[in-house]
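The next block holds one structure in the form of structure tokens; read it before the comments.
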């Protein structure tokens, strides 16, 4: 279990996160909604260990090396532009899973993400949508017990959104905990075991997926651009 205890974050005396408390279960997919500027990205970076809270703590990540247990994908795809698609995949396989990975599995995954035909192309030559798919693929296939995704569907068309949803859902089978932020209500609710709503730095709502519907989330996001 990952436990957030009294998480607070202040920038230049301005509170960004206020008394966040949340437990994330093994194999749970938790989807966080909220307005732009509500503090979602800051919270995800704190949970991932990239940023420290001003006050409070995250428990549950200290028993093993953090690089072996958590994988964060933010707005930056984290790819090496001068390496090929295949070289990027093998690099992340070595870093997070050990070895170069099974060639058959790599081919299967690249094919499922529509990237096998571009495997020998440098990442710099890919479209933004392809780069995002590659970033998501290398994140989702790595052996990580906890994955944090900040707006994972950015730049993807409907076909690839559906592929990513199915891939994320499959992580439950290996007991991977997933924390996601998204403005896409339909996709978020398809994924969620539980949902939360962050408003002006406060976690104002936590509900099981069965206890909330799409209309309620859209009403809470009123005034924001969402699909």
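In our numbering, the protein residues as written are -8 to 218. Heads up, the beta-carbon is just placed ideally off N, CA and C, and yes, glycines get one too. Bear in mind the structure is a predicted one, so any value in this text is a computation, not a measurement.
query, result
"Tell me whether residue 111 is buried or exposed, calling it buried when 16 or more other Cβ atoms sit within 10 Å of its Cβ.", "exposed"
"Going by DSSP, name the residue or residues bridged to residue 137.", "61 and 168"
"For a minimum of 3 consecutive residues, which ranges assigned as the beta strand (DSSP E) are wholly contained in the stretch 88 to 113?", "none"
"For the alpha helix (DSSP H) containing residue 206, list its first residue and its last residue.", "205 to 211"
"Just to confirm, is the Cβ distance from residue 101 to residue 80 under 9 Å?", "yes"
"Sort out for me which residues DSSP pairs residue 2 with in a bridge.", "5"
"Determine whether the beta carbon atoms of residue 170 and residue 208 lie at a separation below 9 Å.", "no"
"On the premise that residue 167 lies in contact with residue 23, defined as a C-beta separation below 8 Å, what is that separation, rounded to the nearest angstrom?", "Contact flag wrong, Cβ pair sits at about 17 Å."
"Among the candidates 46, 66 and 113, whose CA atom is the shortest distance from the CA of residue 77?", "113"
"Which class does residue 51 belong to by DSSP, given the choice of helix, strand or coil?", "coil"
"When you compare the CB of residue 190 with every CB in chain B, is at least one pair closer than 9 Å?", "As a matter of chain content, chain B is missing from the structure shown, which is built from one protein chain."
"Can you give me the Cβ contacts of residue 121 inside the same chain, cut-off strictly under 6 Å, excluding the 5 residues immediately before and after it?", "none"
"Sort 183, 116, 136 and 179 by Cα distance to residue 145 and report the nearest one.", "179"
"Would the beta-carbon of residue 129 fall within 9 Å of that of residue 84?", "yes"
"Could you check what DSSP says for residue 201 in three-state terms: helix, strand or coil?", "helix"
"For residue 106, is the classification buried or exposed, using 16 other Cβ atoms within 10 angstroms of its Cβ as the cut-off for buried?", "buried"
"Mapping DSSP to helix, strand and coil, what is residue 153?", "helix"
"Under 8 Å, with one C-beta from each stretch per pair, do the stretch 17 to 36 and the stretch -8 to 9 reach the 3-pair mark?", "yes"
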